[in-house]
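This report concerns only the one structure given below.
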Amino acid sequence: MARPREFDRDAALEKALRVFWAKGFAATSTDDLREAMGIGRQSLYGAFGDKRKLYLEALDAYQQRTTSAHLKRLSAGNPIEGIKNLLSGLVAEEDEERALGCMGVGSVGEFGVTDAELNERRNVFGELLSREITARIREGQQQGSIAPKLDPGEAAAFVLVTMSGLQVAARGGASSTHLKAMARFATERLKN
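Mind the numbering: the sequence shown is residues 116 to 307 in our numbering, read in order.
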C-alpha cells in the first residue's frame with residue numbers, strides 16, 4: 116500500500132519555482148530542489164516526475180500567473196495608461212525580487228529555440244499578450260492617444276521587446292528608478 120503524500124504539493128511547487136527562477140534549469144540540482152521543497156527524492160519523483168517535468172510545471176505556473184497580472188495591468192485605464200502600467204508593473208521595488216528578472220525570459224536565455232516543447236509553451240503566452248497589446252494600441256489609435264502612423268503589430272512587438280529588455284536589465288542589477296524611467300520613455304514613443 117502506498118504511503119499518503121505528507122507535504123503540500125502546491126507549496127512545494129512554489130518553492131521549486133523560486134529555485135528555478137533564481138538559478139535556471141541547468142544550474143539547479145535535484146538536491147537544491149529537495150532541500151528547498153523540504154521533501155525526499157522519492158517524494159519529488161512521485162509527485163512531480165523528473166527534474167524537467169517539475170521545471171515545465173513550475174514555468175507553466177509562473178507564466179500563467181505573470182501573464183494574468185500583465186493583462187490586468189494592460190486593461191487598467193486608457194490604452195496609454197494600460198501600456199505604461201504594463202511596463203512599469205514589471206519593476207519590483209524589492210532588490211532581491213527585481214534581481215530575479217523574469218523566469219520566462221530566463222528560459223529563453225538558457226534554451227533559446229532549441230527546445231520545441233518550451234517554445235510552444237512560451238508562444239501560447241506570448242501570442243496572447245501580443246494580441247491584447249495590439250488591441251490596446253488600436254484602441255488608442257482610434258481614441259487619438261496613440262500615433263496613427265504606427266503599425267499596431269509592430270508597436271506591440273516593440274512593447275514586448277521592451278518588456279524583455281526591462282527584465283534582462285533588472286536581472287543585471289538595474290535600479291527600479293532606472294527601469295521605471297525606461298518604461299515611461301518607451302510608452303512616450305507610442306503617443307500621438
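The C-beta atom is built at its ideal place from N, Cα and C for all residues, glycine as well. Here the structure is a predicted model, which is why all the values come from computation and not from measurement.
Here's a check: name, in chain order, each residue in its chain whose Cβ is nearer than 7 Å to the Cβ of residue i, leaving out the five neighbours to either side.
i: H98; result: In this structure the chain extends from 116 to 307, so residue 98 is not present and cannot be described.
i: R124; result: A162
i: G216; result: Q282, V283, A285 and R286
i: M278; result: L202 and L205
So, at 8 Å on beta carbons, what are the nonlocal neighbours of residue i in its own chain, with the 5 sequence-adjacent residues on each side left out?
i: A272; result: S245
i: A141; result: E225
i: L275; result: G241, L244, S245 and I248
i: P194; result: R251, I252, E254, G255, Q258, S260 and I261
Mind checking residue i: buried by the 16 CB within 10 Å criterion, or exposed?
i: S222; result: buried
i: A270; result: buried
i: Q178; result: buried
i: T145; result: exposed
i: K264; result: exposed
i: Q257; result: exposed
i: A289; result: buried
i: T302; result: buried
What does a CB cutoff of less than 6 Å around residue i pick up in its chain, not counting 5 residues either side in sequence?
i: Q157; result: none
Assuming residue i contacts residue j (C-beta within less than 8 Å), just tell me the rounded distance between them.
i: G268; j: I261; result: The Cβ separation is near 13 Å, so there is no contact.
Is the segment 126-137 close to the segment 165-175, with three or more CB pairs under 8 Å?
yes
Touching by the beta-carbon criterion (3+ pairs, under 8 Å), the segment 287-302 and the segment 198-214:
yes
Alpha helix (DSSP H) runs contained entirely in the segment 175-222, provided each spans 4 or more residues:
194-203 and 210-214
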